[in-house]
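Student:
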Amino acid sequence: MNDYKTSAIVLFGIINAALKLRVDIQSILRQLGIHINLDHVTQSTIDLKQVHAIVVAVEKAGGHPALGLLAGEDFDFEYLPDLKSFLMSASTLREAFESIHSIQKLISPLLILNLEETGKVAILKFQPDGMLYGEDERHYSEMIFTVIKTIINRLMKKTVLPKAVHFRHGRSELTPLYKDFFGSVIVLNAPENAIIYDRTIIDLPLPGGFPEIRRQAGSIVNQQLAGSPLCGGLLEDLERLLVARSELLNAPIEQVARSLNMSARTLQRRLAENGHSITEIRNLIRFKMAIQALQDTRHSIEDIAGKLGFSDRHCFTQAFKRWSSLSPSAYRKKLTI
Numbered sequence: 037m038n039d040y041k042t043s044a045i046v047l048f049g050i051i052n053a054a055l056k057l058r059v060d061i062q063s064i065l066r067q068l069g070i071h072i073n074l075d076h077v078t079q080s081t082i083d084l085k086q087v088h089a090i091v092v093a094v095e096k097a098g099g100h101p102a103l104g105l106l107a108g109e110d111f112d113f114e115y116l117p118d119l120k121s122f123l124m125s126a127s128t129l130r131e132a133f134e135s136i137h138s139i140q141k142l143i144s145p146l147l148i149l150n151l152e153e154t155g156k157v158a159i160l161k162f163q164p165d166g167m168l169y170g171e172d173e174r175h176y177s178e179m180i181f182t183v184i185k186t187i188i189n190r191l192m193k194k195t196v197l198p199k200a201v202h203f204r205h206g207r208s209e210l211t212p213l214y215k216d217f218f219g220s221v222i223v224l225n226a227p228e229n230a231i232i233y234d235r236t237i238i239d240l241p242l243p244g245g246f247p248e249i250r251r252q253a254g255s256i257v258n259q260q261l262a263g264s265p266l267c268g269g270l271l272e273d274l275e276r277l278l279v280a281r282s283e284l285l286n287a288p289i290e291q292v293a294r295s296l297n298m299s300a301r302t303l304q305r306r307l308a309e310n311g312h313s314i315t316e317i318r319n320l321i322r323f324k325m326a327i328q329a330l331q332d333t334r335h336s337i338e339d340i341a342g343k344l345g346f347s348d349r350h351c352f353t354q355a356f357k358r359w360s361s362l363s364p365s366a367y368r369k370k371l372t373i
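Quick note, the sequence shown lines up with residues 37 to 373 if you use the working numbering.
#1: With DSSP run on the structure shown, which of helix, strand or coil describes Ile222?
#2: Using DSSP bridges, identify the partner residues of Val157.
#3: Ala329 and His335 - do their beta-carbons sit closer together than 8 angstroms?
#4: Would Tyr233 be called buried (16 or more neighbouring beta carbons within 10 Å of its own) or exposed?
#5: Name the residue from Leu151, Val59 and Thr315 whose alpha carbon lies nearest to the alpha carbon of Ile238.
#6: Give me the Cα-Cα distance between Arg66 and Ala126, rounded to the nearest whole angstrom.
#7: For Ala280, which three-state DSSP category applies?
#8: Per DSSP, which residues does Lys41 bridge with? Please list them.
#9: Give me the Cβ distance between Ala300 and Ile317, rounded to the nearest whole Å; I'm assuming they're in contact under 8 angstroms.
#10: Which whole-angstrom value describes the C-beta separation of Leu142 and Leu116, a residue pair presumed to lie in contact below a C-beta threshold of 8 angstroms?
#11: Roughly how many angstroms separate the alpha carbons of Thr42 and Thr81, rounded to a whole number?
#12: If you draw a straight line from the C-alpha of Leu57 to the C-alpha of Gly98, how long is it?
#13: Can you have a look at Ser255 and say buried or exposed, based on whether 16 or more other CB atoms are within 10 angstroms of its CB?
#14: State the CB to CB distance for the pair Leu278 and Ile321, rounded to an integer number of angstroms; the pair is presumed to be in contact (CB under 8 angstroms).
#15: For Leu266, which three-state DSSP category applies?
#16: In chain order, what residues of the same chain have a beta carbon less than 7 angstroms from the beta carbon of Asn73, not counting five sequence neighbours either side?
#17: Should the region 119-135 be regarded as contacting the region 83-101, the criterion being three or more beta carbon pairs within less than 8 angstroms?
#18: Does DSSP put Val92 in a helix, in a strand, or in coil?
#19: From Glu209 to Phe181, what does the alpha carbon distance come to, in whole angstroms?
#20: Measure the C-alpha to C-alpha separation of Met37 and His175 and round it to an integer number of angstroms.
#21: From this set, Gln304, Arg306 and Ala280, which residue's C-alpha is nearest Lys324's C-alpha?
#22: For the region 199-207 against the region 220-233, do three or more pairs of beta-carbon atoms, one drawn from each stretch, fall closer than 8 angstroms, so that the two count as touching?
#23: Taking 8 angstroms as the threshold (C-beta atoms), are Val77 and Ala44 in contact?
Here's what the structure looks like:
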């Protein structure tokens, strides 16, 4: 896992879940050397590695194999009332989904979700490639999909079950828990983490829609974004986006810019002001992702090439040689020496 940070606010869902399970969470935090200062909690961050360590410890102590379900269910924007007002005053679910950029900046770099609409379904995909692997990815997928389910039900003021929930992991013993919680079809070993809803609900008017409150809350949230410890510079934001959504490595610059809430011209200008180009940044991210992926022998070189947007292994090998003077196979072999 990379050294990504998230807001300390995410701990409250985990703490509440631990209390439900009667786990001595204070002891766990103390053992891990983690201290929570409520006076500055919105400005405090925590390493994702530490969050994972807490979740693992609570799962073990509480005997609950899917803590993400409990932690996500209790999430209620603690200490972020303006962000909650901004999201909950949306007029449609589509408008609410557009708030995710602000949520990501104030809470977690992992909240980069991609909404796809096809046929009769709306698919929210969560792909933290290069950020999380294995059990880390499972925990966050559980929490994020649980939060999405909870928020959608609150926005619509009724229970709306997803049509299906897909997880990339293969922990089949968790399927009964998932089915009971989500009330829908569960697919494991899926190619992508995704929660799927009926497309017709995306543009339905929400009963709590309040444009004026949303405008005012949005203005306050924008001010908070400027001071957020997770609100990095353009290069950091661009790197985080490309790592989390690898399909953008080959996408038109207009699509990349939209994901950063700016125009293509603005993105190009701001990169040029810092002596960079989108091509240079994309190649740098490909190299970083390639190095990380090559360390995991479960990924074949062909699979890595495809994930990074190369047409075949040969093209990937040529590019990797330019970056490192070694072929991917030689680099991987060197790691085992």
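Where a beta carbon is used, it is the ideal one built from N, C-alpha and C, also for glycine. From a predicted model like this one, the values you see are computed outputs, not experimental measurements.
Tutor: In short:
#1: Counting from 1 along the sequence shown, the entry for residue 222 is found at position 186. In the structure shown, Ile222 sits in a strand (DSSP, three-state: E or B).
#2: Translated into positions along the sequence shown, residue 157 becomes position 121. DSSP, once it has assigned bridges, lists Thr154 and Asp234 as partnering Val157.
#3: Position 299 of the sequence shown, counting from 1, holds the residue named residue 335. Position 293 of the sequence shown, counting from 1, holds the residue named residue 329. Against a cut-off of 8 angstroms, the Cβ pair of Ala329 and His335 comes out as a contact.
#4: Your numbering for residue 233 matches position 197 in the sequence shown. Under this definition Tyr233 is a buried residue.
#5: If you number the sequence shown from 1, residue 238 lands on position 202. Ile238 has its Cα closest to that of Leu151, out of Leu151, Val59 and Thr315.
#6: What you label residue 66 is simply residue 30 of the sequence shown in a count that begins at 1. What you label residue 126 is simply residue 90 of the sequence shown in a count that begins at 1. Those two C-alpha atoms are separated by around 40 angstroms.
#7: Reading the sequence shown from its first residue, position 244 is the one you call residue 280. Note: Ala280 maps to helix in three-state DSSP.
#8: Taking the sequence shown and counting its residues from 1, one reaches residue 41 at position 5. Lys41 pairs with Asp83.
#9: Here residue 300 is taken as the residue at index 264 of the sequence shown, counted from 1. Here residue 317 is taken as the residue at index 281 of the sequence shown, counted from 1. No, Ala300 and Ile317 are not in contact; Cβ-Cβ is about 14 angstroms, not under 8 angstroms.
#10: Sequence index remark: in the sequence shown, residue 142 carries index 106 (1-based). Sequence index remark: in the sequence shown, residue 116 carries index 80 (1-based). With a Cβ gap of about 6 angstroms, Leu142 and Leu116 count as contacting.
#11: Counting from 1 along the sequence shown, the entry for residue 42 is found at position 6. Counting from 1 along the sequence shown, the entry for residue 81 is found at position 45. Taking the straight line from one Cα to the other gives about 5 angstroms.
#12: Here residue 57 refers to the residue found at position 21 when the sequence shown is read from its first residue. Here residue 98 refers to the residue found at position 62 when the sequence shown is read from its first residue. One C-alpha to the other measures close to 5 angstroms.
#13: One-based indexing of the sequence shown puts residue 255 at position 219. The residue is exposed, with fewer than 16 neighbouring Cβ atoms inside 10 Å.
#14: As a position in the sequence shown, residue 278 is number 242, starting the count at 1. As a position in the sequence shown, residue 321 is number 285, starting the count at 1. With 8 angstroms as the limit, Leu278 and Ile321 qualify as a contact, their Cβ atoms being about 5 angstroms apart.
#15: Along the sequence shown, one-based indexing puts residue 266 at 230. The answer is coil: DSSP assigns Leu266 none of H, G, I, E or B.
#16: To locate residue 73, count along the sequence shown from 1; it is residue 37. Cβ neighbours of Asn73 beyond the five flanking positions: Ser80.
#17: no
#18: Walking along the sequence shown from the start, residue 92 turns up at place 56. Helix at Val92.
#19: Sequence index remark: in the sequence shown, residue 209 carries index 173 (1-based). Sequence index remark: in the sequence shown, residue 181 carries index 145 (1-based). Distance between the alpha carbons of Glu209 and Phe181: 18 angstroms.
#20: Here residue 37 refers to the residue found at position 1 when the sequence shown is read from its first residue. Here residue 175 refers to the residue found at position 139 when the sequence shown is read from its first residue. Low confidence applies to Met37: its pLDDT is 49, below 50, so where it sits in the model is not reliable, and the reading given next is rough at best. Taking the straight line joining both Cα atoms gives about 13 angstroms.
#21: The sequence position of residue 324 within the sequence shown is 288, counting from 1. Considering only alpha carbons, the answer is Ala280.
#22: yes
#23: Residue mapping note: residue 44 aligns to position 8 of the sequence shown, counting from 1. Residue mapping note: residue 77 aligns to position 41 of the sequence shown, counting from 1. Yes. Within cutoff.
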